[in-house]
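**Student:** Every position in the sequence shown, counted from 1, becomes a number in my numbering once 60 is added.
Even for Gly, the Cβ is constructed at its ideal location relative to N, Cα and C.
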Amino acid sequence: MISVEEAQQRVMAEVAAGGVEPVALAGSLGRVLREEVVAAHDAPAADNSAMDGYAVRFDDVADAPVTLPVRGDIAAGHPSATPLEPGTAMRIMTGAFVPDGADTVIQVELTDGGTETVTVEKALPRGTNIRRRGEDTRAGDVLLRAGIRIGPAEIALLAGAGKTSVRVGRRPTVAILSTGDELIDAGEAPAPGKIVNSNGPLLAALVTEAGAEPRTLGIVRDTREATIAAFERAMECDFVISSGGVSVGAYDFVKDALEALGAETKFWRVSMKPGKPVVLSRLRDRLVFGLPGNPVSCFVSFHLFVAPALRKAMGQETRLFPPSVRARLTAPVRGAADRRVYARVHVFAENGELVATPLRSQSSGALTSMLDANGLAVIPEGGEGAEGVLLIGAI
Ligand code: AMP
Ligand code: MG
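#1: Does ASP102 come out as helix, strand or coil in the three-state DSSP assignment?
#2: Confirm, please, whether the CB-CB distance from CYS297 to VAL234 is below 8 Å.
#3: Let's see if you can read the secondary structure: which residues bound the beta strand (DSSP E) around PHE365?
#4: With a threshold of 16 other CB atoms inside 10 Å of the CB of THR287, please say whether the residue is buried or exposed.
#5: Do you know offhand how far ASP160's Cα is from ARG191's?
#6: Give me, in chain order, the residues of the same chain whose beta-carbon lies closer than 7 Å to that of VAL83; leave out the 5 immediate sequence neighbours on both sides.
#7: Put THR142 into one of helix, strand or coil per three-state DSSP.
#8: Roughly how many angstroms separate the alpha carbons of CYS358 and ASN259, rounded to a whole number?
#9: Secondary structure at PHE408, three-state DSSP: helix, strand or coil?
#10: Drop a sphere of 10 angstroms on the beta-carbon of ILE455, count the other beta-carbons inside from all chains shown, and report buried for 16 or more, exposed for fewer.
#11: Skipping 5 residues on each side, what residues in its chain have a beta carbon closer than 7 Å to that of THR148?
#12: In angstroms, rounded to a whole number, what distance separates the CA positions of THR244 and ALA251?
#13: Taking Cβ to Cβ, would you say VAL314 is nearer than 8 Å to GLY350?
#14: Any idea which residues DSSP pairs TYR114 with across the strands?
#15: May I ask whether a heavy atom of the ligand GDP can be found less than 7 Å away from the beta carbon of THR325?
#16: Would you be able to state if there are at least three C-beta pairs under 8 Å between the stretch 413–431 and the stretch 371–388?
#17: What is the rounded straight-line gap between the Cα of LEU204 and the Cα of LEU450?
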């Protein structure tokens with residue numbers, strides 16, 4: 061058995077960033093940016109007003125209260141054609157460019173709001189309420205580095221930089237095989253000894269959430285031949301995930317089938333609970349994750365091994381692994397004598413502190429133990445308390 065860290069290293073050593081493709085900006089949410097984006101212009105492009113008010117020269121209002129003639133309006137998008145003459149004011153709106161000659165904006169609330177003349181009740185320090193040219197970013201600044209995941213804020217910056225399309229990592233296709241003679245598809249009539257294949261839909265959803273493209277190849281019967289044939293078919297995809305059939309049972313054929321196909325085993329069995337019998341294999345130029353059949357083992361090993369690999373394959377360079385935070389457990393979780401336990405918890409913020417509630421069932425077969433799980437509490441071998449909580453969802 062190897063440690064989780066060792067297993068993660070072996071996974072990552074097998075993965076390289078894949079191809080790049082252009083996408084329209086509107087379709088780039090959740091994709092991995094694969095180009096460096098440099099600002100072509102200063103932002104803001106010119107000094108502009110942070111308030112609705114009056115553009116003035118500080119020297120003219122230093123002795124407020126004072127009344128000045130108003131020489132026109134400056135609306136956002138309509139710069140003044142003329143500079144501000146000494147001893148006058150111009151009405152100015154938020155975002156409008158400050159006219160030459162003005163150095164301060166007095167917000168309307170500190171005036172009588174006049175349109176012919178304005179009485180400024182109170183002087184403000186020189187430069188107040190002016191957003192300076194280039195204050196946000198300057199031409200030539202790197203706005204976004206290659207290798208980040210694009211979120212709403214990144215889309216705003218890309219649009220601000222004038223981009224209508226961006227180069228992103230291609231989404232790898234991921235074959236999903238569900239092994240097990242006991243499996244029937246959701247919607248099929250229940251039969252004695254049969255259970256519904258929930259790992260297939262679970263893994264497809266996890267793959268989609270990670271930003272890749274699932275290809276559900278269905279249920280694979282527990283024979284050597286069927287398992288071999290299924291892995292052959294799965295070679296049309298960039299990655300392969302199977303569930304079940306990796307333990308030491310008489311009908312566990314995943315490792316056998318992979319060996320028969322000439323795959324190279326990178327590891328089998330990791331010191332963790334749940335998920336111990338997970339296998340990593342390289343078949344031709346494809347990486348195969350043989351996840352255990354227990355739904356929760358699938359869930360946990362996906363977050364620890366598969367999601368980071370998919371992110372790396374799309375060219376992501378930061379935040380590949382779930383981040384670890386400290387959180388107070390509301391109830392003790394029993395560790396295992398010989399393995400590290402990953403307990404599903406619900407993490408939330410309360411009174412300025414992160415709190416983690418272990419979910420009702422911690423059985424690796426219980427689907428309910430995944431509901432609301434946005435964290436995995438890490439319980440060291442033989443331990444009682446959590447040494448940290450890995451975040452696998454939003455708090
Ligand atoms: P295995 O790893 O094949 O020994 O399976 C371990 C347990 O997980 C068994 O109780 C299976 O019935 C269950 N299991 C295996 N595959 C699935 C699946 N696709 N959906 C739901 N449960 C499964
Ligand atoms: Mg099985």
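**Tutor:** Quick look at the numbers:
#1: coil
#2: yes
#3: Careful: PHE365 lies outside any beta strand (DSSP E) and carries neither H nor E.
#4: buried
#5: 14 Å
#6: ARG91, SER225, VAL226 and VAL228
#7: coil
#8: 7 Å
#9: strand
#10: exposed
#11: LEU128, PRO129 and ARG131
#12: For clarity, residue 244 is Ile in the given sequence; the question names Thr instead. In a straight line, the C-alpha of ILE244 is about 9 Å away from that of ALA251.
#13: yes
#14: ARG151 and ILE166
#15: What this structure holds is the ligand AMP and the ligand MG, not the ligand GDP.
#16: yes
#17: 26 Å
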